[in-house]
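Trainee: Below is one structure. I have some questions about it.
2 protein chains.
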Amino acid sequence: MQIKGFKFSTVEAAIKKPGRKDLALILSKVPAVCAATFTSNKVKAAPVLLGQERVADGILRAVVVNSGNANACTGEPGMAAARETARLVAEAAGVSEADVVPSSTGVIGVQMPMDRLSAAIPALVSGLADGTLDDVARAIMTTDTFPKISSRQGVAGGNAYTIAGVAKGAGMIRPDMATMLSFIVTDAAVEPTFLKNAFKSAVASSFNCITVDNDMSTNDTALIMANGMSGNAPIDAASPDAGQFAALLSEVALDLAKAIVKDGEGATKFVTINVSGAASGDDARLAAMAVANSPLVKTAFFGQDANWGRILAAVGYSGAAVEQSQVSLFFDDVQMVAGGLFVGGDAEKKGSEVLKKPEFAVNIDLALGNGRSTVYTSDFSYDYVKINADYRT
Amino acid sequence: MQIKGFKFSTVEAAIKKPGRKDLALILSKVPAVCAATFTSNKVKAAPVLLGQERVADGILRAVVVNSGNANACTGEPGMAAARETARLVAEAAGVSEADVVPSSTGVIGVQMPMDRLSAAIPALVSGLADGTLDDVARAIMTTDTFPKISSRQGVAGGNAYTIAGVAKGAGMIRPDMATMLSFIVTDAAVEPTFLKNAFKSAVASSFNCITVDNDMSTNDTALIMANGMSGNAPIDAASPDAGQFAALLSEVALDLAKAIVKDGEGATKFVTINVSGAASGDDARLAAMAVANSPLVKTAFFGQDANWGRILAAVGYSGAAVEQSQVSLFFDDVQMVAGGLFVGGDAEKKGSEVLKKPEFAVNIDLALGNGRSTVYTSDFSYDYVKINADYRT
Chain A
1 MQIKGFKFST VEAAIKKPGR KDLALILSKV PAVCAATFTS NKVKAAPVLL
51 GQERVADGIL RAVVVNSGNA NACTGEPGMA AARETARLVA EAAGVSEADV
101 VPSSTGVIGV QMPMDRLSAA IPALVSGLAD GTLDDVARAI MTTDTFPKIS
151 SRQGVAGGNA YTIAGVAKGA GMIRPDMATM LSFIVTDAAV EPTFLKNAFK
201 SAVASSFNCI TVDNDMSTND TALIMANGMS GNAPIDAASP DAGQFAALLS
251 EVALDLAKAI VKDGEGATKF VTINVSGAAS GDDARLAAMA VANSPLVKTA
301 FFGQDANWGR ILAAVGYSGA AVEQSQVSLF FDDVQMVAGG LFVGGDAEKK
351 GSEVLKKPEF AVNIDLALGN GRSTVYTSDF SYDYVKINAD YRT
Chain B
394 MQIKGFKFST VEAAIKKPGR KDLALILSKV PAVCAATFTS NKVKAAPVLL
444 GQERVADGIL RAVVVNSGNA NACTGEPGMA AARETARLVA EAAGVSEADV
494 VPSSTGVIGV QMPMDRLSAA IPALVSGLAD GTLDDVARAI MTTDTFPKIS
544 SRQGVAGGNA YTIAGVAKGA GMIRPDMATM LSFIVTDAAV EPTFLKNAFK
594 SAVASSFNCI TVDNDMSTND TALIMANGMS GNAPIDAASP DAGQFAALLS
644 EVALDLAKAI VKDGEGATKF VTINVSGAAS GDDARLAAMA VANSPLVKTA
694 FFGQDANWGR ILAAVGYSGA AVEQSQVSLF FDDVQMVAGG LFVGGDAEKK
744 GSEVLKKPEF AVNIDLALGN GRSTVYTSDF SYDYVKINAD YRT
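Line by line, the protein sequences are chains A and B. If you count by our numbering, then the first sequence holds residues 1 to 393, one letter each, in order. If you count by our numbering, then the second sequence holds residues 394 to 786, one letter each, in order.
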């Protein structure tokens, strides 16, 4: 897949240990308009602090990402390492340091091995000749079991463009945002404010609607670069092509977000929680998130148990307005609860059949208003515990 | 153990299935001053709704508790069953219906088997002749693996008094409040407002400081009855004996709360999270709760992994004010983090030794103010998943 004017490269720097490519570079031939969102965790990794500074002017040339070390809780030496990483790439690639953002994922609290990293930069930059976005998706994996990549193609003012993105993330996942990194590139020409708003909207309905374990990391990052190399007139809010661009961007982000959930540590189920009829959108989200984060609900999903009682209890403590006698609940299209009461009959049997599927929906209506929210989550299995009890920093 | 003027009884009503005593009665010979707190879950079980009504006048004679059925999400028939249960006990025991509170724990969404329950009332009341509080502690167990009971003795105005309580709860545990039921009785004479305040304070520092899985149930109840049969002059806020009473009550409540955590479903660790130096008490609690509820932190506890990074990440997303460079963290007295950075040396080795203990503390200082909070929690093990994936309504 080619996205005009973007080049990619990956090398093995052996950041944590040897044996795989763990350092990646995304470079735009020309300065690209950019937008980004970062973790709201008050403990922020050095690359996040530096990234926030560098995207502020809305222009980027390159992102250099490493796995194996999050460069978090590393203090001043960590900030220096983040700056040095960007500086080395800028120098080798012939671009301005201020237009290079570093990004990291991996263990917390260990200083970056700058000797190994700097030794890998020359090969990283020369590798731009033949690297692919797919290589990048693989290089940024940590506990992921498959690479996450998505793309769409659109047309603006007669010019074809591509939007393509990669993401990583499997555990420590919960908006805003999760330990996920996501980098999206497009060769469309996009006006800065429109790009910012379209990206914000795409992130809100995708990366901020997933949760694996309600843990939010120190490193979360989602970033987009639009370099205009497809030659179209820049898309802005008034363009006839604006709607298509925003929709395609949202689709790419949602594909990536769902892939993260599907790769949730130890996950055996992909569950869509739909809340409707809430008193407000905020209430709908509170309810959906409470259900999606409840350990009792998630272990029931793992056990393939059509346990609506635990789901109602989660809705009840979510903080959303609830009238017990108004609530209805379905697993897919099998109604379990009407007017707050179990419907009886063969609902339990039919509900259990739904829970046996690898993917299903929980549809909850609160009948108090028009608030809606959709959250995607996975189950809690033995493997989630095993992976996280054994994973050592 | 005798608490003057209180009688206890337990029988087998086979609410869910036969083979154990599942119906209990606590009766005071004379009207008792009472105070209670109930779940803040917006989905409330019928006995909770009725209990809230009946404790409002501050006077109680009896509490009738069943396990095996929560009488939650049961609508009008459930409310009728709750009222009928209380009425039958009142009639058989010769007390006013308005002074009897029902309480239930168990499966959600199944109507109470009133035929079996009402058939058991005569034996329940005649059993008051020789029942014990220990019997009650056993009859209210659901997934508990041991009965929870605690008592203290004090002296007021020269009269000895006893405070004794029982509790149940192991899963679906998180303040405010957890699926826990707790009933505390005392033969001390206590002035109503003082009892209310002392109880509120005892609950705040005990039952509201525990979490097993951050799930809050539809049935949580903590209740105290003080019948004055020890003959002292009623203790009020101005009494010289007030401090001792409040302290002993808090101790009983804390014993019970800790016992609930120790019995956390699948728990292998009892962990005390102490946060100090927060910008406020609220902030301290936010931070302590985030740590205590983080699946990544709790699986690390299970894995005996001295993983301070996950703990810092939880503090960072808790909502509490945090200055990364000011945070220190200890496992017991082993310092892991100073000024937001790992201390290095043999800290990891020493920290790991602490994590091998069945009980340990995580001490976090934020160095921003004087806010403090202590929360008790357990780890997340394979057994937590197993118990909850297999437990069918």
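No residue lacks a Cβ here, since even glycine has one placed at the ideal position from N, Cα and C. Predicted, not measured: the structure shown is a model, and the values here were computed from it.
#1: Measure the C-alpha to C-alpha separation of residue 458(B) and residue 433(B) and round it to an integer number of angstroms.
#2: What are the residues of the segment 533-560 of chain B that lie near chain A, defined by any Cβ-Cβ distance shorter than 7 Å?
#3: Measure how close the beta-carbons of residue 663(B) and residue 771(B) come, nearest whole angstrom, since I'm counting them as under 8 Å.
#4: Okay, do the segment 623-635 of chain B and the segment 537-552 of chain B touch, 3+ Cβ pairs below 8 Å being the bar?
#5: Would you mind stating whether residue 232(A) and residue 189(A) have Cβ atoms separated by less than 8 Å?
#6: Would you please verify whether the beta carbon of residue 13(A) is less than 8 Å from any beta carbon of chain B?
#7: Taking Cβ positions, are residue 731(B) and residue 721(B) nearer each other than 8 Å?
#8: Please report whether the beta-carbon of residue 175(A) lies at a distance below 8 Å from any beta-carbon of chain B.
#9: In the structure shown, what three-state DSSP assignment does residue 508(B) receive?
#10: Report yes or no: is there a C-beta of chain A within less than 8 Å of the C-beta of residue 461(B)?
#11: Check this for me: beta carbons of residue 320(A) and residue 297(A), under 8 Å apart or not?
#12: Kindly indicate which residue of 86(A), 181(A), 4(A), 88(A) has the alpha-carbon position closest to the one of residue 208(A).
#13: Where residue 572(B) and residue 417(B) are concerned, what is the direct C-alpha to C-alpha distance, given to the nearest angstrom?
#14: Please list the segments of the alpha helix (DSSP H) lying wholly inside the segment 633-681 of chain B, counting only runs of 4 or more residues, in order along the chain.
#15: Mind pulling the chain A residues with CB within less than 8 Å of residue 466(B)?
#16: How about residue 399(B) and residue 525(B): do their beta carbons lie closer than 8 Å?
#17: Does any residue of chain A bring its CB to less than 8 Å from the CB of residue 474(B)?
#18: Mind checking which residues open and close the alpha helix (DSSP H) that includes residue 30(A)?
#19: Is it the case that the segment 366-381 of chain A contacts the segment 667-678 of chain B, given that we only count it when at least three CB pairs across the two stretches are under 8 Å?
#20: Pick helix, strand or coil for residue 405(B), following the three-state DSSP scheme.
#21: So, at 6 Å on beta carbons, what are the nonlocal neighbours of residue 176(A) in its own chain, with the 5 sequence-adjacent residues on each side left out?
#22: Taking its Cβ as the centre, do 16 or more other Cβ atoms sit within 10 Å of residue 30(A), making it buried, or is it exposed?
#23: Sort 529(B), 584(B), 588(B) by Cα distance to residue 560(B) and report the nearest one.
#24: Would a C-beta distance cut-off of 8 Å place residue 73(A) and residue 748(B) closer than the cut-off?
#25: Grouping DSSP H, G and I as helix and E and B as strand, with all else coil, what is residue 149(A)?
#26: Considering only C-alpha positions, which residue in the set 196(A), 263(A), 103(A), 205(A) is nearest to residue 56(A)?
#27: Please compile the residues from chain A whose C-beta is within a distance smaller than 8 Å of the C-beta of residue 497(B).
#28: Could you pull the start and end residues of the alpha helix (DSSP H) that residue 298(A) belongs to?
#29: So that I know if they touch, is there some Cβ in chain C lying closer than 8 Å to that of residue 574(B)?
#30: Under 8 Å, Cβ to Cβ, is there at least one residue of chain B near residue 131(A)?
#31: Measure the C-alpha to C-alpha separation of residue 508(B) and residue 477(B) and round it to an integer number of angstroms.
#32: Quick check on the DSSP output: the alpha helix (DSSP H) that includes residue 197(A) runs from which residue to which?
#33: For a contact defined as C-beta to C-beta under 9 Å, what are the partners of residue 42(A) on chain B?
#34: Take the Cβ of residue 586(B) as the centre, count every other Cβ of all protein chains shown within 10 Å, and call the residue buried at 16 or more, exposed below.
#35: Does any CB atom of chain B fall closer than 8 Å to the CB of residue 376(A)?
Mentor: Once the coordinates are examined:
#1: In the second sequence, residue 458(B) corresponds to position 65, counting from 1. In the second sequence, residue 433(B) corresponds to position 40, counting from 1. Roughly 20 Å between the two C-alpha positions.
#2: Cβ contacts with chain A: none found.
#3: Position 270 of the second sequence, counted from the start, is the residue given in the question as residue 663(B). Position 378 of the second sequence, counted from the start, is the residue given in the question as residue 771(B). Sure, about 6 Å apart at Cβ, within 8 Å.
#4: Output reads yes: the segment 537-552 of chain B touches the segment 623-635 of chain B.
#5: In the first sequence, residue 232(A) corresponds to position 232, counting from 1. In the first sequence, residue 189(A) corresponds to position 189, counting from 1. At a Cβ-Cβ threshold of 8 Å, residue 232(A) and residue 189(A) count as neighbours.
#6: Start at 1 with the first residue of the first sequence, and residue 13(A) comes out as number 13. Cβ-Cβ to chain B under 8 Å: no for residue 13(A).
#7: Here the question's residue 731(B) lines up with position 338 in the second sequence. Here the question's residue 721(B) lines up with position 328 in the second sequence. Taking the C-beta atoms as reference points, residue 721(B) is found nearer than 8 Å to residue 731(B).
#8: Along the first sequence, read from residue 1 onward, the residue named residue 175(A) stands at position 175. For residue 175(A), the predicted structure reports a pLDDT of 33, less than 50, and the residue's modelled location is therefore unreliable. A value from the coordinates is still provided. So, not an interface residue.
#9: Translated into the one-based positions of the second sequence, residue 508(B) becomes position 115. Residue 508(B) falls in the helix class under three-state DSSP.
#10: Residue numbering aside, residue 461(B) sits at position 68 when the second sequence is read from its first letter. No, residue 461(B) does not count as interfacial toward chain A.
#11: What you label residue 320(A) is simply residue 320 of the first sequence in a count that begins at 1. What you label residue 297(A) is simply residue 297 of the first sequence in a count that begins at 1. No. Outside cutoff.
#12: Locating residue 208(A) in the first sequence gives position 208, where the first residue counts as 1. When C-alpha distances from residue 208(A) are compared across 86(A), 181(A), 4(A), 88(A), the shortest belongs to 181(A).
#13: Residue 572(B) sits at position 179 when you count from the first residue of the second sequence. Residue 417(B) sits at position 24 when you count from the first residue of the second sequence. CA-CA distance, residue 572(B) to residue 417(B), rounds to 18 Å.
#14: Within the segment 633-681 of chain B, the alpha helix (DSSP H) runs of at least 4 residues that lie entirely inside it are, in chain order, 635-655.
#15: The residue labelled residue 466(B) in the question sits at position 73 within the second sequence. 309, 312, 324, 337, 340, 341, 342, listed in chain order.
#16: Counting from one through the second sequence, the residue named residue 399(B) turns up at place 6. Counting from one through the second sequence, the residue named residue 525(B) turns up at place 132. No, these two residues do not count as a Cβ contact at 8 Å.
#17: Here residue 474(B) refers to the residue found at position 81 when the second sequence is read from its first residue. It does not; no Cβ of chain A falls within 8 Å.
#18: Indexing the first sequence from 1 puts residue 30(A) at position 30. For residue 30(A), no alpha helix (DSSP H) run applies; the uninterrupted beta strand (DSSP E) run containing it begins and ends at 23-38, by DSSP.
#19: Too few Cβ pairs lie closer than 8 Å, so no.
#20: One-based indexing of the second sequence puts residue 405(B) at position 12. Assignment of residue 405(B) by DSSP, reduced to helix, strand and coil, places it in the coil class.
#21: Your numbering for residue 176(A) matches position 176 in the first sequence. The predicted position of residue 176(A) is uncertain, since its pLDDT is 31 and thus under 50; no value can be drawn from it.
#22: As a first step, residue 30(A) is located in the first sequence; it is residue number 30 there, counting from the start. Residue 30(A) comes out exposed.
#23: In the second sequence, residue 560(B) corresponds to position 167, counting from 1. Checking every option, the nearest Cα to that of residue 560(B) belongs to 529(B).
#24: Taking the first sequence and counting its residues from 1, the one referred to as residue 73(A) is at position 73. Taking the second sequence and counting its residues from 1, the one referred to as residue 748(B) is at position 355. When the beta-carbon positions are compared, residue 73(A) and residue 748(B) stay at least 8 Å from each other.
#25: Taking the first sequence and counting its residues from 1, the one referred to as residue 149(A) is at position 149. If DSSP states are grouped into helix, strand and coil, residue 149(A) belongs with the strands.
#26: Counted from its first residue, the first sequence places residue 56(A) at position 56. If we check each option's Cα against that of residue 56(A), 196(A) comes out closest.
#27: One-based indexing of the second sequence puts residue 497(B) at position 104. By Cβ distance, chain A contributes nothing, its closest Cβ being about 13 Å from residue 497(B), past 8 Å.
#28: Within the first sequence, residue 298(A) is the residue found at index 298, counting from 1. Start and end: 295-302.
#29: Looking at the structure shown, chain C is missing, and the protein chains on hand are A and B.
#30: Your numbering for residue 131(A) matches position 131 in the first sequence. Not one chain B Cβ lies under 8 Å of residue 131(A).
#31: Looking up residue 508(B) in the second sequence gives position 115. Looking up residue 477(B) in the second sequence gives position 84. Taking the straight line joining both Cα atoms gives about 11 Å.
#32: Position 197 of the first sequence, counted from the first residue, corresponds to residue 197(A). Membership of residue 197(A) in the alpha helix (DSSP H) is indicated by the continuous run 192-204.
#33: Position 42 of the first sequence, counted from the first residue, corresponds to residue 42(A). Within chain B, the residues 708, 709, 710, 711, 712, 713, 714, 715, 716, 717 have their CB atoms less than 9 Å from the CB of residue 42(A), given in chain order.
#34: Reading the second sequence from its first residue, position 193 is the one you call residue 586(B). Exposed, because fewer than 16 other Cβ atoms sit within 10 Å of the Cβ of residue 586(B).
#35: As a working note, residue 376(A) is residue 376 in the first sequence. No, no contact with chain B.
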